[in-house]
Amino acid sequence: MMGNPYVTQADSQVGEFRRAAFFGGVYSNHLALAAALKLARSLRVDAVFALGDFGAFGPHPDRSVEILRGNGIISIQGNYEEALSQAAGDCRCGYVDPRDNHYARLSFDYTAMKTAAGHKAWMGTLPRNLRMTLGGQRVLCCHGSPRRINEFLWASSTSDAFLRKLLDDYQADLLLCTHTGLHWSRFLPAEGNGGRSARGIINVGALGRPANNGRTEVWFAVVERASGETKVEFVPVAYDHAKLASEMADEGLPPEFRATILTGWWTTCLEILPAKERAAGKF
Ligand SMILES: [Fe+2]
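This is the structure:
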């Protein structure tokens, strides 16, 4: 790997797995995180990974961090952990519209105020990217994209050509990411035979808020490599969302955030969505 500017010593290499669970943005949804962990263990995974953004949006950010740290969940930084550990002035979410940034500011200020200093320091020790092998395939985990922690990889705007370039540059077969909050996966077409290749992308979704589809469950991904095939399963997590909404009210978080938790439709940070993803939601 010497001489490849995309593959650095800073990438953490964690070993070989067969079947693993991957959690996307937790956004302080400690109730969903606890439920997801229980569910993942019942699905007999070898390991559980968290791809960053533990804070934002929800209540009591330390509760989620304590679950992650207390259960040996292998974690990388999201833009939130980068920003909190560096005492940045904002979440570096990558939003551009003032309407999105208004709510991002409320989330970040609350989370920064309520996160213990020791947890912020721990966030600063986490790697940005994580490499492993899954049944022999080279897996690269990142938050947004491997080149930018807050890049949004949406299904509608990530072309096969761009995906192939990322996989080639970063010497990976599978790219796992989160940051957008919407789960999806795609495998590149195989050369010649019309099927799918073993190379692709999995956006593992988010545990922190529902997938803008009118359902209150949140989602994570289980990825398994068996018999020469990569299997991706998106797992819905039902949890006590009414309790979460009530905690959010007690903490003075915006009613718009609670509405999302209670209805399954996004009400904020919508301007960043590409047209196709926006049209799939209610607002
Ligand atoms: Fe993020």
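In our numbering, the protein residues as written are 1296 to 1578.
Ideal Cβ placement from N, Cα and C applies to all residues, glycine included.
Quantities reported herein were computed from a predicted structural model and do not represent experimental measurements.
Look at the alpha carbon of GLU1517 and the alpha carbon of PHE1349, and state the distance between them as a whole number of angstroms. Contrary to the premise, residue 1517 reads as Val rather than Glu in this sequence. The alpha-carbon atoms of VAL1517 and PHE1349 are separated by roughly 19 Å.
Any chance you could list the residues with Cβ under 5 Å from a heavy atom of ligand 1, keeping chain order? ASP1348, GLY1373, ASN1374 and HIS1474
Helix, strand or coil at ARG1510 [DSSP, three-state]: The answer is coil: DSSP assigns ARG1510 none of H, G, I, E or B.
Going residue by residue through the stretch 1474 to 1540, where are the continuous beta strand (DSSP E) segments of at least 3 residues, counting only ones entirely within it? 1479 to 1484, 1491 to 1498, 1513 to 1521 and 1524 to 1532
Count the other CB atoms within 10 Å of the CB of ALA1315; is the residue buried (16 or more) or exposed (fewer)? buried
Jot down the residue ranges of each uninterrupted alpha helix (DSSP H) in the stretch 1414 to 1484, minimum 4 residues, whole runs only, in chain order. For secondary structure counted as the alpha helix (DSSP H) over 4 or more consecutive residues, the stretch 1414 to 1484 holds these complete runs in sequence order: 1455 to 1464.
LEU1483 and ASP1455 - do their beta-carbons sit closer together than 7 Å? yes
Let me know the alpha helix (DSSP H) ranges lying completely inside the stretch 1364 to 1408, each 4 residues or longer, listed in chain order. If you keep only unbroken alpha helix (DSSP H) runs of at least 4 residues inside the stretch 1364 to 1408, you get 1374 to 1380.
Other residues of its chain near ARG1573: CB distance less than 8 Å, five sequence neighbours each side excluded: LEU1565
Should LEU1363 and ALA1345 be called a contact, given that it needs their Cβ atoms to be closer than 7 Å? yes
Sequence-distant residues of the same chain with beta carbon closer than 8 Å to ARG1553, five excluded per side: Hits under 8 Å: ALA1540, MET1543 and ALA1544.
Residue closest to PRO1550, alpha-carbon to alpha-carbon, out of PRO1354, ASP1385 and ALA1331: PRO1354
Which residues mark the beginning and the end of the beta strand (DSSP E) in which GLU1311 is found? GLU1311 -> beta strand (DSSP E) spans 1307 to 1312.
Continuous beta strand (DSSP E) stretch holding PHE1344: start and end: From DSSP, the beta strand (DSSP E) with PHE1344 extends over 1342 to 1345.
With DSSP as the reference, please indicate the residues paired to PHE1317 in a beta bridge. PHE1344 and ALA1516
How do the stretch 1318 to 1336 and the stretch 1416 to 1434 stand: do at least 3 beta-carbon pairs fall below 8 Å, yes or no? no
Tell me the DSSP secondary structure of PHE1349 in three-state form. coil
Alpha-carbon to alpha-carbon, GLU1376 and TRP1417: 9 Å
As assigned by DSSP and simplified to three states, the class of SER1323: coil
According to DSSP, simplified to helix, strand and coil, what is ALA1411? In this structure, ALA1411 counts as coil in the three-state DSSP scheme.
Report the option in LYS1460, LEU1477 and GLY1430 whose CA atom is closest to the CA atom of GLU1519. When only C-alpha atoms are compared, the closest one is GLY1430.
How close, in whole Å, do the beta carbons of LEU1502 and GLY1373 come, if the pair is a contact with beta carbons under 8 Å? So it is not a contact: roughly 12 Å between Cβ atoms.
To the nearest angstrom, how far is the alpha carbon of PRO1441 from that of VAL1499? Straight-line Cα distance between these residues: approximately 15 Å.
Rounding to the nearest angstrom, what Cα-Cα distance links ALA1521 and ASP1341 in this structure? 13 Å
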